[in-house]
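Residue numbers (the working numbering): 1 to 441.
Below you can see the structure in the form of structure tokens.
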């Protein structure tokens with residue numbers, strides 16, 4: 001991504017066709033995520049499913065950590081060629097998602113937890129491929145670094161709006177219409193992404209680079225296969241040297257606190273005595289506003305302190321937001337306290353989320369965008385998604401000794417503490433970046 005003179009964006013810039021398409025694609029990207037994660041956990045808890053089973057079924061989310069495996073295909077193998085490399089993959093996965101979500105709605109738990117889990121795995125797989133295709137489109141369609149930042153902000157805002165819809169409005173819908181109808185509405189919601197894909201412009205420069213690679217070294221040749229699979233790693237380590245390992249480790253740990261507590265959030269609210277209406281409306285109001293403020297604040301802090309220090313602040317805020325949930329065991333179903341804690345949590349997650357996405361986007365190279373971004377996305381998700389499978393077992397294991405609510409609190413506090421190593425690693429990266437800037441040699 002080329003550097004550009006700094007410019008101040010005006011309101012009309014946010015209404016540009018490219019940004020509007022990005023908003024719709026970001027919504028499509030965020031829509032399925034919680035439907036196979038925390039929201040499904042609420043559904044399962046409503047049906048009396050054990051916490052341990054809810055924790056383990058959350059492992060379907062590990063599919064999001066395997067993006068590196070199919071990144072080379074997204075970079076080199078065309079599907080629906082009339083749409084182009086990026087849009088072809090986007091449309092294909094969106095159709096699969098709509099069908100799989102509809103199947104979850106129709107079948108539900110009628111044939112047992114294993115069948116629903118298998119369908120959730122299909123959704124997670126297709127959703128992860130859609131995510132990497134949209135991320136590659138976002139990075140490649142941007143004309144400069146500033147526009148990439150604008151598109152990243154649009155993507156993050158829309159992604160969070162979709163998550164709040166599936167974590168708030170869907171709960172209200174489930175309260176009155178039932179879970180199957182609510183999931184069916186989400187399946188229909190994938191039409192937003194399909195429409196955006198058909199309206200999007202294919203990144204011409206990136207297509208030209210990929211076409212040249214395919215001409216010089218076809219994917220199915222030894223040289224082409226090596227370039228598609230190993231080339232992205234060589235380019236990444238050649239660019240960043242030994243610090244690439246530190247970058248990968250820091251990214252790996254950055255969102256682990258949120259992943260670790262994730263499967264137990266909605267069961268915690270359920271066991272706390274909060275109604276689906278209360279949780280849903282709180283997320284649709286306080287949660288949505290706090291997310292917007294968090295994203296905006298990250299942009300302002302990044303402009304003042306730089307991206308690396310913004311990541312450090314984001315990691316600290318994320319830990320505070322997660323730990324704040326432990327206070328709810330003392331306030332019970334008090335709606336005011338609940339909304340305050342939710343506001344702090346969502347502000348922190350919005351701040352940390354866009355900071356990490358912007359950082360990972362800045363590390364990719366043209367021609368390897370899907371694979372490199374897939375590797376970085378896998379790094380940030382893999383450890384956390386593995387650990388979160390044990391979250392239900394942790395709560396169940398602590399409950400006999402301390403009680404159910406204190407066990408939840410211990411999980412939240414322990415999850416928050418995981419942020420400490422990532423903060424330390426980004427401090428090291430920040431010092432290295434500043435030292436390199438002063439002494440380029």
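Glycine included, C-beta positions come from ideal geometry on N, C-alpha and C.
About 5 Å separates the CB atoms of residue 298 and residue 355; that is less than 8 Å, so the two are in contact.
Under the criterion of beta carbons closer than 8 Å, residue 314 and residue 347 do not qualify as touching, at roughly 11 Å. Contact check between the region 320-339 and the region 23-32: fewer than three CB pairs, one atom from each, fall below 8 Å, which does not count as touching. Per DSSP, residue 238 is one residue of the alpha helix (DSSP H) stretching across 231-240.
In the three-state scheme derived from DSSP, where H, G and I count as helix and E and B as strand, residue 162 is classed as helix. Judged by DSSP secondary structure, residue 255 falls outside any alpha helix (DSSP H); it is assigned neither H nor E. Three or more beta-carbon pairs drawn from the region 275-285 and the region 156-172 are found closer than 8 Å, and the two stretches are therefore classed as touching. With contacts defined as CB atoms closer than 8 Å, residue 343 and residue 415 fail to qualify as a contacting pair.
By alpha-carbon distance to residue 82, the top candidate from 197, 256, 155 is 197. Sequence-distant partners of residue 132 (beyond 5 residues in either direction) whose C-beta falls short of 8 Å from its own C-beta, in its chain, are 67, 70, 71, 74, 370, 373, 374, 377.
Minimum Cα-Cα distance from residue 194 among the listed residues 162, 93, 85, 108 corresponds to 93. With respect to residue 36, residue 55 sits apart: the two C-beta atoms are not nearer than 8 Å. Note that the C-beta distance between residue 357 and residue 152 is below 8 Å. Within the same chain, and ignoring the five residues on either side of residue 331 in sequence, the residues whose Cβ sits closer than 6 Å to its Cβ are 337. Residue 93: member of the alpha helix (DSSP H) spanning 85-107, first to last residue. Here residue 137 is actually not in contact with residue 98; their C-beta atoms are around 19 Å apart, not less than 8 Å. If you ignore the 5 residues before and after residue 179, its C-beta comes within less than 6 Å of the C-beta of 43, all in its own chain and listed in chain order.
Rounded to whole angstroms, residue 125 and residue 115 show a C-alpha spacing of 15 Å. Ranked by how close their Cα comes to the Cα of residue 421, the residues 239, 321, 255 have 255 in first place. Contact between residue 164 and residue 41 is absent: CB atoms are separated by about 16 Å, not below the 8 Å threshold. The three-state secondary structure of residue 418, taken from DSSP, is coil.
For residue 176, the enclosing alpha helix (DSSP H) begins and ends at 170-177. Annotated as proximal: residue 388 and residue 263, with beta-carbon spacing under 8 Å. Shown here, residue 140 sits in a helix according to DSSP, grouped into three states. In this structure, DSSP gives residue 80 a state outside helix and strand, which the three-state scheme calls coil. For residue 57, same chain residues with a beta-carbon under 6 Å away, outside a window of 5 residues either side, are 117 in chain order. In the structure shown, residue 355 adopts helical secondary structure according to DSSP, grouped into three states. Contact annotation, residue 359 with residue 307: C-beta distance approximately 6 Å; criterion of less than 8 Å satisfied. Per the C-alpha coordinates, the member of 329, 362, 425, 431 positioned closest to residue 406 is 329.
Leaving aside the five residues that flank residue 157 on each side, the residues in its chain whose CB is nearer than 6 Å to its CB run, in chain order, 295. A residue is called buried once 16 or more other Cβ atoms fall within 10 Å of its Cβ, and residue 435, having fewer, is exposed. If you draw a straight line from the Cα of residue 341 to the Cα of residue 321, it comes to about 7 Å. Taking residue 410 as the centre and dropping the five residues before and after it, the same chain places the C-beta of 398 closer than 6 Å to its C-beta, in chain order.
By a beta-carbon distance limit of 8 Å, residue 100 contacts residue 123. Their separation comes to about 5 Å.
The three-state secondary structure of residue 147, taken from DSSP, is helix.
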